[in-house]
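Have a look at the structure below, then the notes.
Residue numbers (the UniProt record's numbering): 1 to 420.
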């Protein structure tokens, strides 16, 4: 075992697991911290938590529990994985969890590297960009849970954490791994605990991977995993071999969308033109839960022979989402939708469904937990950071998509290009 990953949400865990596998590291993803040590043969273990937007003390406790379990499995390098759009307010959990992990490992310095250029997430002069816009000018400023109004990773880290933040610009990174390591040592002498790394393209991530291969704790999005995996992968191991165990299976499929991100809105709009689709009624989810679940499953069953799987979605534009939250409360509405999707997934599984395409980190975690899935094999990538995965102990396949990932035709491509 080489690497233990602690991911702060479910689709984020799947995201990084996919990049590790594609770059040569056999990987198993676990849904939460297992209750006991278990024999798992892999180069990397990825533990998915639900710690992105919970109270900080809970996020810290869960992350430390994951760290302890990974150490028991023999992991000697660790990776705290968060969203490539940082996805945190000044009161967020990235800083506190990073501090706790550093302390537990007896370390005083780590890196902040959320860049994922293949999906348009880059870091320039310590600021995070989405495509050609600063994070604070992107659609993330409307995020319903963690609206992003600042793009400076240095300010965000110093606002959340207890130490000092600095940065290493792309000019230094382009001079190579030796220059990066020297810059890290110099900043350590200055008492800088969190070093933000610029990255404008994948080559910068490869240099980061070489420079950081011996660092005990790194933090970032999934992009840094590309560079690290290529440093650590076994010689001659092919990514395609390790993807076979996670290839999709099962006859009947359904698409469930709980994300309200800009990209998911576009994906839902596009898919509604291609397949049967039904919007979730939050009031019925709240007050007619049981009969509504069966009604929705009956509707899905009516479309089981369609060329493309039917879609159930709670995805909404910001103004509509705000209206729902004002009527029912933000947390109450979210909880009702999650309970509904969990119950629908379980009932469909009972009726013979084996393929679930799910959009949204929270929704993905809830669905996987409801289906009783605690470990996955990672399969082929549908889009960068979004693979098919297959449950280790059940004949169930899932495509679990973070809200902002994938192109507009994602839902259809997940089926057409990866047919069973």
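Virtual Cβ for every residue (Gly too), placed ideally from N, Cα, C. For clarity, every value in this text was computed on a predicted model and none was experimentally measured.
Beta carbon of residue i: closer than 7 Å to some heavy atom of the ligand SAH?
i	result
residue 194	Summarising the ligand content, the structure contains no ligands, and the ligand SAH is consequently not present.
Is it right to say residue i is buried, meaning 16 or more other beta carbons lie within 10 angstroms of its own, or is it exposed?
i	result
residue 289	exposed
residue 271	buried
residue 241	Here residue 241 scores only 47 on pLDDT, less than 50, and its place in the model should not be relied on; the value that follows carries that caveat. By the neighbour-count rule (16 or more Cβ atoms within 10 Å), residue 241 is not buried but exposed.
residue 63	buried
residue 175	exposed
residue 291	exposed
residue 429	Because residue 429 is not part of the residues shown, which for the chain are 1 to 420, the question remains open.
residue 287	exposed
residue 264	buried
residue 178	exposed
residue 148	buried
residue 302	exposed
Just grab the DSSP bridge partners of residue i for me.
i	result
residue 389	378 and 398
residue 226	According to DSSP, residue 226 bridges with nothing at all.
residue 167	196
residue 31	48
residue 277	311
residue 357	255 and 399
residue 6	47 and 80
residue 219	80 and 112
residue 383	386
Thinking residue i and residue j are a contact (beta carbons under 8 Å), I'd like their distance in whole angstroms, please.
i	j	result
residue 121	residue 84	4 Å
residue 381	residue 68	Wrong, their Cβ atoms sit about 31 Å apart, outside the cutoff.
residue 14	residue 387	6 Å
residue 312	residue 267	That pair is no contact at about 14 Å.
residue 310	residue 254	6 Å
Is there a Cβ of chain D sitting closer than 8 Å to that of residue i, yes or no?
i	result
residue 327	Structure shown: chain D not included; a single protein chain is present.
query: Between the stretch 194-203 and the stretch 147-165, are three or more C-beta pairs nearer than 8 Å?
result: yes
- request: Indicate whether the contact test is met: 3 or more Cβ pairs, each with one atom in the stretch 394-404 and one in the stretch 218-237, closer than 8 Å.
  value: no
query: Which runs of the alpha helix (DSSP H) fall wholly inside the stretch 79-160 and span at least 4 residues, in chain order?
result: 94-105 and 153-160
message: Quick test of the definition: if touching needs 3 or more C-beta pairs under 8 Å, does the stretch 183-190 touch the stretch 86-102?
response: no
message: Would the stretch 246-259 count as touching the stretch 348-364 if we require 3 or more Cβ pairs under 8 Å?
response: yes
task: Take every Cβ of the stretch 2-9, pair it with every Cβ of the stretch 45-57, and state whether three or more of those distances are shorter than 8 Å.
output: yes
query: Does the pairing of the stretch 73-92 with the stretch 210-222 give three or more beta-carbon distances under 8 Å?
result: yes
- request: Assess, as a yes-or-no matter, whether the stretch 292-312 is touched by the stretch 374-383 under the definition of 3 or more beta carbon pairs within less than 8 Å.
  value: no
message: For the stretch 28-48 against the stretch 115-134, do three or more pairs of beta-carbon atoms, one drawn from each stretch, fall closer than 8 Å, so that the two count as touching?
response: no
- request: Give a yes or no on contact between the stretch 204-214 and the stretch 346-359, applying the rule of three or more CB pairs nearer than 8 Å.
  value: no
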